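Peer 1: Supplied in structure tokens, the structure appears directly below.
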Amino acid sequence: DVQLSSNVILEPYDLLFDTAVEAYYKGDWMTVILNMERALRNKAAIRRVKAHCRITCANQSAFGEPLSNIVVSIPGAGSVEDLGFFQKIMKRADCVNTCESDKIGPATIHKITEDVDLEFKKRTPYNYLQVAYFKINKLDKAVAAANTFFLANPDHMEMRQNLDYYRMMSGVQEEDFKDLEAWPHMAEFLAGKRYYSSDSFGLAIDHFEAAVEEYFSADQECRALCEGAYDYDGYNYMEYSADLFQSMTDHYMQILNCKQSCSVELASTAGKDKPFEDFLPSHFNYLQFSYYNSEKYEQAIECAKTYLLFHPEEEVMNQNLAYYSAVLGEDKAAAIPARQVVKQHIQQSLLEKELLYFAFEVFGITFVDPDSWTPKHTYRLEETAARITEEIGNLMKEIETLVEEKNKESTDIAKIVREGGPLLFDDIKITMSSKQLNGSQRVLLDGFISEGECRELTRLSNAAALKGDGYRGLPSPHSPSESFQGITVLKAIKFGQEGTVPLKSARLFFDMSEKVRRVLESYFRLDSPLYFSYSHLVCRSAIDEKQDDRDDLSHPVHADNCLLVSELNKCIKEPPAYTHRDYSAILYLNDDFEGGDFIFTELDAKTVTAAVRPQCGRVVGFGAGEENPHGVRAVTKGQRCAVALWFTLDPKHEEKVTYLLVNPSGVMYSLCFYHAIYCDGLFCNLREGESNAFHLLIHLHFISFSCFSLS
Ligand SMILES: O=C(O)CCC(=O)C(=O)O
Ligand SMILES: [Fe+3]
Numbered sequence: 002d003v004q005l006s007s008n009v010i011l012e013p014y015d016l017l018f019d020t021a022v023e024a025y026y027k028g029d030w031m032t033v034i035l036n037m038e039r040a041l042r043n044k045a046a047i048r049r050v051k052a053h054c055r056i057t058c059a060n061q062s063a064f065g066e067p068l069s070n071i072v073v074s075i076p077g078a079g080s081v082e083d084l085g086f087f088q089k090i091m092k093r094a095d096c097v098n099t100c101e102s103d104k105i106g107p108a109t110i111h112k113i114t115e116d117v118d119l120e121f122k123k124r125t126p127y128n129y130l131q132v133a134y135f136k137i138n139k140l141d142k143a144v145a146a147a148n149t150f151f152l153a154n155p156d157h158m159e160m161r162q163n164l165d166y167y168r169m170m171s172g173v174q175e176e177d178f179k180d181l182e183a184w185p186h187m188a189e190f191l192a193g194k195r196y197y198s199s200d201s202f203g204l205a206i207d208h209f210e211a212a213v214e215e216y217f218s219a220d221q222e223c224r225a226l227c228e229g230a231y232d233y234d235g236y237n238y239m240e241y242s243a244d245l246f247q248s249m250t251d252h253y254m255q256i257l258n259c260k261q262s263c264s265v266e267l268a269s270t271a272g273k274d275k276p277f278e279d280f281l282p283s284h285f286n287y288l289q290f291s292y293y294n295s296e297k298y299e300q301a302i303e304c305a306k307t308y309l310l311f312h313p314e315e316e317v318m319n320q321n322l323a324y325y326s327a328v329l330g331e332d333k334a335a336a337i338p339a340r341q342v343v344k345q346h347i348q349q350s351l352l353e354k355e356l357l358y359f360a361f362e363v364f365g366i367t368f369v370d371p372d373s374w375t376p377k378h379t380y381r382l383e384e385t386a387a388r389i390t391e392e393i394g395n396l397m398k399e400i401e402t403l404v405e406e407k408n409k410e411s412t413d414i415a416k417i418v419r420e421g422g423p424l425l426f427d428d429i430k431i432t433m434s435s436k437q438l439n440g441s442q443r444v445l446l447d448g449f450i451s452e453g454e455c456r457e458l459t460r461l462s463n464a465a466a467l468k469g470d471g472y473r474g475l476p477s478p479h480s481p482s483e484s485f486q487g488i489t490v491l492k493a494i495k496f497g498q499e500g501t502v503p504l505k506s507a508r509l510f511f512d513m514s515e516k517v518r519r520v521l522e523s524y525f526r527l528d529s530p531l532y533f534s535y536s537h538l539v540c541r542s543a544i545d546e547k548q549d550d551r552d553d554l555s556h557p558v559h560a561d562n563c564l565l566v567s568e569l570n571k572c573i574k575e576p577p578a579y580t581h582r583d584y585s586a587i588l589y590l591n592d593d594f595e596g597g598d599f600i601f602t603e604l605d606a607k608t609v610t611a612a613v614r615p616q617c618g619r620v621v622g623f624g625a626g627e628e629n630p631h632g633v634r635a636v637t638k639g640q641r642c643a644v645a646l647w648f649t650l651d652p653k654h655e656e657k658v659t660y661l662l663v664n665p666s667g668v669m670y671s672l673c674f675y676h677a678i679y680c681d682g683l684f685c686n687l688r689e690g691e692s693n694a695f696h697l698l699i700h701l702h703f704i705s706f707s708c709f710s711l712s
């Protein structure tokens, strides 16, 4: 156990991890073990320190008691009271900072990248450790490490084989197959369940009781850890600029959401895809029956009553309670209270839920109640609002499960090639298929938009460029002989609102992007929807005086979701590539320029397999992966404009900034975080098949404030 002594600087565990990995490739097993074990210990210590500091600071500077040095009795003292409130907030922040840096050193050195964080989540350190232990003949440790890793990576074939191999070795015992990362509460719970199943109720009681105790200490720690930094959840680019109160509210609601989900987090365990349902209440269900079987009626009554705190209407439990009470004697039974900790837990959780539902009503902040025991009448919402809340809750759950399922099955499955689906619009014609383009997952379509619309979009790009969006006057990031200007849908709409560009054009941009999306989805016969990942209207202009002896490309050959290493004929699907992009489409707006052909090449980035001449209304659509390296030939005269669209099959990566709301006279006045089709009037025109509840959701978000109001 790591001592939480004063003024130590804990070695950052990402560095230790790196050192261990380096040693691994040198075969220096002792160094691997030393550093990896220390990395794991330090990571656990940091978690503990953070929880400890937050808990002690909360106890020291609770928000409850009034501040002594601030007079609040003057009329209009609201702002003074506010000051007092924020003073407390700052004090608390200070307390936590000091506490943490006393024990583990400054927070900055413990900033861990997402990559390393992910490695620890995947229990990768144990993979290295098991090899190192094995090499130095520490078999029991190797087995435990292997097992710990495998539990979190059940599809890891190599580790499965290793474990099978270990199992056959003499000197290896069943007890060696440990889960070194098991949470104490879960270990006790699982042990309790094992004894329970074999009717050993006495032992079951011991373990379930220990589980309950461990649960609350884990819960306290889990909750304290929630009070961390604001999680922008992938939308940091949104220039989030909420005011102090709003951002405090947002942040606090996120914390409450996090605290609420502790009940799910604590019910989850490695090797089981779904958390245990109704986890904490189930402890008391198991306990009451175990006590009953051990003829301990008082405890059985206590646990039954405790269970009924969660589910007061539950018939079987009420019958049990009645029966136990009859056996023990009604008076005696009546005097036995339910457990106080649980009562408190429920009260606190209900308060949190109430706040969260309120935040949902007022700010449209989403909250999905993770608990099945929440009484329906908790929130004094009007009946309709409650119903909508429930519908939305269910819907969000559905969406979440869909997202989960989607993530599980590789997105590639959805891509099984079946191109040739309907084009949905009469004017759109197929000009070249994959076969004619000498590749796969490619298509060239014509007739998407009219000449007038092409001109309108080009004007939009130029007007936006004048306004200073994009990269006006700067050379293209891809070629010094061209200048480059770009505008996103979001910016277009903002400019539309400001009157810099016609609103109608901004909407056209949006509508055209949607048209391309729908046609691609249909043409490639995708099983799951395509979502916008990013959309960009881009013009490239030749810089006349820089055209001599040009042999570069306007846009070097690349693939859209992987890093092309042409020397190796490889495309590496890893960040910083936009790995979630699955399909790309370019909608061309003009042809009055020289050069600028779009080309597909082999992985060598040299051998051109097909070339496409841009023209108004033409779309080249293609899979964003290694099957389609592509580039743009030099634009040597004039301006070439196109809408570049990237799509993803993963709703998590959907572009979240282009939800338009249009009032009955067709004026856009609001922009929400949801990418849906524009709204006319009160309700939204959504993709076919989307349920009513979704309309309501959007509508609710609109009447509340999670839309940017652009007016
Ligand atoms: O403009 C084009 O034709 C292609 C652009 C492109 O491939 C990209 O921006 O990723
Ligand atoms: Fe591209």
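In case it helps, our numbering puts the sequence shown at residues 2 to 712. In this text, a Cβ means the ideal position worked out from N, Cα and C, and glycines have one as well. Just so we're clear, the structure is a prediction, and the values are computed from it rather than from any experiment.
Helix, strand or coil: how does DSSP classify Lys547 here?
Peer 2: Residue numbering aside, residue 547 sits at position 546 when the sequence shown is read from its first letter. Of the three classes helix, strand and coil, the one that applies to Lys547 here is helix, per DSSP.
Peer 1: May I have all residues whose beta carbon comes closer than 6 Å to any heavy atom of ligand 1, sorted in chain order?
Peer 2: His556, Asp561, Ile587, Phe599, His631, Val633, Ala643 and Ala645
Peer 1: Pop quiz: Tyr129 and Tyr216 are said to be a contact at Cβ under 8 Å. What is the actual Cβ separation, rounded to whole angstroms?
Peer 2: To locate residue 129, count along the sequence shown from 1; it is residue 128. To locate residue 216, count along the sequence shown from 1; it is residue 215. 32 Å between Cβ atoms; not a contact.
Peer 1: For the beta strand (DSSP E) holding Met433, just list the boundary residues, first then last.
Peer 2: As a position in the sequence shown, residue 433 is number 432, starting the count at 1. Per DSSP, Met433 belongs to the beta strand (DSSP E) from Lys430 to Met433.
Peer 1: Check the DSSP bridge columns for Lys571 and list the partner residues they point to.
Peer 2: Translated into positions along the sequence shown, residue 571 becomes position 570. Looking at the DSSP assignment, Lys571 forms a beta bridge with Val566.
Peer 1: For Phe151 and Tyr292, what's the separation of their Cα atoms in angstroms?
Peer 2: By 1-based counting over the sequence shown, the position of residue 151 is 150. By 1-based counting over the sequence shown, the position of residue 292 is 291. Rounded to the nearest angstrom, the two C-alpha atoms are 36 Å apart.
Peer 1: Between the alpha carbons of Asp552 and Arg634, how many angstroms are there, rounded?
Peer 2: The residue given as residue 552 occupies position 551 in the sequence shown. The residue given as residue 634 occupies position 633 in the sequence shown. Each residue's Cα considered, the two are about 9 Å apart.
Peer 1: Would you tell me roughly how many angstroms separate the C-alpha atoms of Gly626 and Asp583, rounded to the nearest one?
Peer 2: Taking the sequence shown and counting its residues from 1, the one referred to as residue 626 is at position 625. Taking the sequence shown and counting its residues from 1, the one referred to as residue 583 is at position 582. Here the alpha carbon of Gly626 sits roughly 7 Å from the alpha carbon of Asp583.
Peer 1: Could you check whether the Cβ of His559 sits closer than 8 Å to any heavy atom belonging to ligand 2?
Peer 2: Translated into positions along the sequence shown, residue 559 becomes position 558. At least one heavy atom of ligand 2 is nearer than 8 Å to the Cβ of His559, so yes.
Peer 1: Quick one: Cα of Val73 to Cα of Lys89, how far?
Peer 2: In the sequence shown, residue 73 corresponds to position 72, counting from 1. In the sequence shown, residue 89 corresponds to position 88, counting from 1. Low per-residue confidence applies at Val73: pLDDT is 38, beneath 50, and the placement is therefore not dependable, though the value from the model is reported in the following sentence. About 15 Å.
Peer 1: Note the first and the last residue of the continuous alpha helix (DSSP H) segment covering Thr501.
Peer 2: Residue 501 sits at position 500 when you count from the first residue of the sequence shown. First-last for Thr501: undefined, no H or E at that position.
Peer 1: Let me know if Gln289 comes out buried or exposed under the rule of 16 or more other beta-carbons within 10 Å of its beta-carbon.
Peer 2: Residue numbering aside, residue 289 sits at position 288 when the sequence shown is read from its first letter. Per the 10 Å Cβ criterion, buried.
Peer 1: Using the Cα positions of Lys306 and Glu315, report the straight-line distance between them to the nearest angstrom.
Peer 2: For the purposes of this step, residue 306 is taken as the residue at position 305 of the sequence shown. For the purposes of this step, residue 315 is taken as the residue at position 314 of the sequence shown. The straight-line gap from Cα to Cα measures roughly 11 Å.
Peer 1: Should Arg419 go down as buried or exposed, given a rule of 16 or more other Cβ atoms within 10 Å for buried?
Peer 2: Translated into the one-based positions of the sequence shown, residue 419 becomes position 418. It counts as exposed.
Peer 1: Ignore the nearest five residues each way along the sequence and tell me which others in Glu240's own chain have a CB closer than 6 Å to its CB.
Peer 2: Within the sequence shown, the letter at position 239 stands for residue 240. In this prediction, Glu240 scores a pLDDT of 43, lower than 50, which makes its location untrustworthy; no coordinate-derived value is stated.
Peer 1: Buried or exposed for Tyr166, going by 16 or more other Cβ atoms inside 10 Å?
Peer 2: For the purposes of this step, residue 166 is taken as the residue at position 165 of the sequence shown. The residue is exposed, with fewer than 16 neighbouring Cβ atoms inside 10 Å.
Peer 1: Drop a sphere of 10 angstroms on the beta-carbon of Arg614, count the other beta-carbons inside from all chains shown, and report buried for 16 or more, exposed for fewer.
Peer 2: Position 613 of the sequence shown, counted from the first residue, corresponds to residue 614. Exposed.
Peer 1: What are the start and end residues of each continuous alpha helix (DSSP H) run of 4 or more residues lying completely inside the segment 137-194, in chain order?
Peer 2: 140-153 and 158-169
Peer 1: Could you tell me which residues DSSP puts in a beta bridge with Glu23?
Peer 2: Looking up residue 23 in the sequence shown gives position 22. Glu23 pairs with nothing; no bridge assigned.
Peer 1: Quick check on the burial criterion: 16 or more other C-beta atoms within 10 angstroms. Buried or exposed for Asn138?
Peer 2: Residue numbering aside, residue 138 sits at position 137 when the sequence shown is read from its first letter. Exposed, because fewer than 16 other Cβ atoms sit within 10 Å of the Cβ of Asn138.
Peer 1: Going by alpha carbons, who is nearest to Phe368 out of Asn439, Tyr253, His312 and Ser585?
Peer 2: For this step, residue 368 is matched to residue 367 along the sequence shown. Comparing Cα positions, the closest option is Tyr253.
Peer 1: For ligand 2, I want to know if Ser585 counts as a neighbour, meaning its beta carbon is within less than 8 Å of at least one of the ligand's heavy atoms.
Peer 2: Taking the first residue of the sequence shown as position 1, residue 585 is located at position 584. True, at least one ligand heavy atom lies under 8 Å from that Cβ.
Peer 1: In this structure, does DSSP put His53 in helix, strand or coil?
Peer 2: For this step, residue 53 is matched to residue 52 along the sequence shown. In the structure shown, His53 sits in a helix (DSSP, three-state: H, G or I).
Peer 1: Which partner residues does Phe485 have in the DSSP bridge list?
Peer 2: Here residue 485 is taken as the residue at index 484 of the sequence shown, counted from 1. Paired residue(s): Arg541.
Peer 1: Entirely within the segment 617-655 and at least 3 residues each: give me those beta strand (DSSP E) ranges in chain order.
Peer 2: 620-624, 631-634 and 636-649
Peer 1: Are the Cβ atoms of Arg124 and Ala153 separated by less than 9 Å?
Peer 2: If you number the sequence shown from 1, residue 124 lands on position 123. If you number the sequence shown from 1, residue 153 lands on position 152. In contact: Arg124 and Ala153 (Cβ atoms closer than 9 Å).
Peer 1: When the Cα of Ala46 is compared with those of Arg619, Gly106 and Met31, which residue comes out closest?
Peer 2: For the purposes of this step, residue 46 is identified with residue 45 of the sequence shown, where counting begins at 1. For the residues Arg619, Gly106 and Met31, the minimum Cα distance to Ala46 belongs to Gly106.
Peer 1: Can you tell me which of the three DSSP states Glu315 falls into?
Peer 2: Locating residue 315 in the sequence shown gives position 314, counting from the first residue. Three-state DSSP puts Glu315 in coil, outside helix and strand.
Peer 1: Mind checking which residues open and close the beta strand (DSSP E) that includes Leu588?
Peer 2: Locating residue 588 in the sequence shown gives position 587, counting from the first residue. Unbroken beta strand (DSSP E) run through Leu588: Arg582 to Tyr589.
Peer 1: May I have the straight-line CA-CA distance separating Leu531 from Gly624, to the nearest angstrom?
Peer 2: Position 530 of the sequence shown, counted from the first residue, corresponds to residue 531. Position 623 of the sequence shown, counted from the first residue, corresponds to residue 624. Looking at the two C-alpha atoms, the distance is approximately 12 Å.
Peer 1: Tell me the rounded alpha-carbon separation between Ser529 and Leu650.
Peer 2: Walking along the sequence shown from the start, residue 529 turns up at place 528. Walking along the sequence shown from the start, residue 650 turns up at place 649. Approximately 7 Å, taken between the alpha carbons.
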